[in-house]
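Visitor:
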Amino acid sequence: MENPNQTKVSPKHVFLHLFAIIMLYSSAANFLTLIFQYINILAPDKLPQFGYYQTSHYQDLIRFSISFIIIVFPALIWISWFLDKNYKREPETRNMKIRKWLIYFTLFIAGLIIIGDLIGIIRSFLGGEITIRFILKSLAALFLAGLIFGYYLWDSRREFPSASKKLRCFVWIISGLVAITVITGFFIIGSPARERVRRFDQQRINNLQNIQSEIVNYWFNKRVLPENLSALENSISGYKTPTDPLTGKPYAYTVKGFESFELCAVFGLDSGDSENQAPTAPKPIDGGYNQNWQYNAGETCFERTIDKELYPLQNRVK
């Protein structure tokens, strides 16, 4: 009787089952996160909460979840295959207490998610908050929880190794669904190379906003625009005019008038492509301006005119 008991309480089997259940929870959570962010981007809320950084926030979550699934989901498939192979070799391991505890705990969690999801749907309906966005998220959570619940309920009742062909078919379907979901993410956020170009463009906009702020501050103190960007540099404050992050070349600056100037930069993408066409709130521009920073691929110039009425106290100081 010692060998069977030793098999049942073997640390190897305990940690293998714990590993499998952790991989399952991690894969499910990140898969659901991907679906939610796709819905956030493709069916944007008319009352955004993240403002200018809304799209970037969603894209970061998509990148993280894709990275997680690419590593964790294959690990889940492998550990499931390994355990299934072990069950064939040692059928008594299917009756281990740790396995039964984890299966029923998973059923318990999935059941709570389904109940909570249904409660959320009714609550939102009564509160007048039903939208396509919310309905899609609720259906996604309900589908995933129901899928996990149904599978483990079936697995807990089946006689091993029955329905092995159905199980393999199920695994292939789920793997295909996960693969399609991950690939969809690359169409939404773009390839890694495109993302790098987008980040360079965003840094250029940040640099131009920084330069514009310094130009306005220069004019605020001297009532004249700087002749060139080198005039903005200050050894005391430590300010150094930023340059293009890719080429290292200075940005083009032209004085158009006593209170007008132009800043130019060369971009890799159109601003619409860079933002993936998702709506964002306008970003406040340093110097008191809510101005447009939309750009096209190639050289784009931004002409600015300083409004003297925004600085009435400066005349009194002078």
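Letter by letter, the sequence shown follows residues 1 to 318 of full-length UniProt numbering. Glycine included, every Cβ here is placed at the ideal spot set by N, Cα and C.
Using only the heavy atoms of the ligand NAP, determine whether one of them is closer than 6 Å to the beta carbon of G238.
Guide: Looking at this structure, you won't find the ligand NAP or any other ligand, since it has none at all.
Visitor: Please specify which runs of the alpha helix (DSSP H), each continuous and at least 4 residues long, are wholly inside the UniProt domain "DUF5671" (14–151), giving them in chain order.
Guide: Whole alpha helix (DSSP H) segments, 4+ residues: 54–89 and 97–126.
Visitor: Is the region 243–255 in contact with the region 177–187, if contact means three or more CB pairs nearer than 8 Å?
Guide: They do not touch, by the three-pair rule.
Visitor: Mapping the DSSP letters down to three states, classify C264 as helix, strand or coil.
Guide: The answer is strand: DSSP assigns C264 an E or B state.
Visitor: Helix, strand or coil for A193? Go by DSSP, reduced to three states.
Guide: Reduced to three states, the DSSP call for A193 is helix.
Visitor: Looking at A145 and I122, is the spacing between their C-beta atoms short of 7 Å?
Guide: Taking 7 Å as the Cβ cut-off, I122 and A145 do not qualify as a contacting pair.
Visitor: Helix, strand or coil for A297, going by three-state DSSP, please let me know.
Guide: In the structure shown, A297 sits in coil (DSSP, three-state: anything other than H, G, I, E or B).
Visitor: Do E233 and K240 come within 7 Å of each other at the CB atom, strictly closer than that value?
Guide: Result yes, Cβ atoms of K240 and E233 sit closer than 7 Å.
Visitor: Does the beta-carbon of T254 have 16 or more other beta-carbons within 10 angstroms, so that it is buried, or is it exposed?
Guide: Result: exposed.
Visitor: Does the beta-carbon of G51 have 16 or more other beta-carbons within 10 angstroms, so that it is buried, or is it exposed?
Guide: Below a pLDDT of 50, predicted positions are generally treated as unreliable, and G51, at 48, falls in that range; no measurement from the model is reported.
Visitor: Can T33 and L76 be called in contact, C-beta distance under 7 Å?
Guide: No, these two residues do not count as a Cβ contact at 7 Å.
Visitor: Assign E303 to one of three DSSP states: helix, strand, or coil.
Guide: It is a strand residue.
Visitor: Mind checking whether D201 and G120 have CB atoms under 7 Å apart?
Guide: Not in contact: D201 and G120 (Cβ atoms no closer than 7 Å).
Visitor: Do A110 and I69 have their beta-carbon atoms positioned less than 7 Å apart in this structure?
Guide: Result no, Cβ atoms of I69 and A110 do not sit closer than 7 Å.
Visitor: Identify whether N234 lies in helix, strand or coil by the three-state DSSP scheme.
Guide: Here N234 sits in strand by DSSP.
Visitor: Along the chain, where does the beta strand (DSSP E) containing V255 start, and where does it finish?
Guide: First-last of the beta strand (DSSP E) with V255: A252 to V255.
Visitor: Measuring alpha carbon to alpha carbon, tell me which residue in Q37, H13, S56 and W219 is nearest K85.
Guide: Among Q37, H13, S56 and W219, the Cα nearest to that of K85 is on H13.
Visitor: Could you pull out every residue in the same chain whose Cβ sits closer than 8 Å to the Cβ of residue 319, ignoring the five residues on either side in sequence?
Guide: Lying before the first or after the last residue shown, residue 319 is absent from the chain, which here runs from 1 to 318.
Visitor: Assuming R133 and A43 are in contact, meaning their beta carbons sit under 8 Å apart, how far apart are those beta carbons, in whole angstroms?
Guide: The Cβ separation is near 5 Å, so the contact holds.
Visitor: With 16 as the cutoff for other CB atoms within 10 Å, does Q294 come out buried or exposed?
Guide: Q294 comes out exposed.
Visitor: I believe R194 touches A265 by the beta-carbon criterion, under 8 Å. Please report the beta-carbon distance rounded to the nearest angstrom.
Guide: Not quite, the Cβ-Cβ distance comes to about 18 Å (not below 8 Å), so this is no contact.
Visitor: Under the rule that 16 or more other beta-carbon atoms within 10 Å means buried, what is K97, buried or exposed?
Guide: Classification for K97: exposed.
Visitor: Please report how far the alpha carbon of N217 lies from the alpha carbon of E309, in whole angstroms.
Guide: When rounded, the distance between both Cα atoms is 15 Å.
Visitor: Assign I189 to buried or exposed, taking buried as 16 or more other Cβ atoms, counted over all protein chains shown, within 10 Å of its Cβ.
Guide: Result: buried.
Visitor: One question on the structure: do F19 and I71 come within less than 7 Å of each other, judged by their Cβ atoms?
Guide: Contact flag unset, no.
Visitor: For R196, count neighbouring C-beta atoms within 10 Å of its own C-beta (all shown protein chains included) and say buried if the count is 16 or more, exposed if not.
Guide: Counting Cβ neighbours within 10 Å, R196 comes out exposed, since fewer than 16 surround it.
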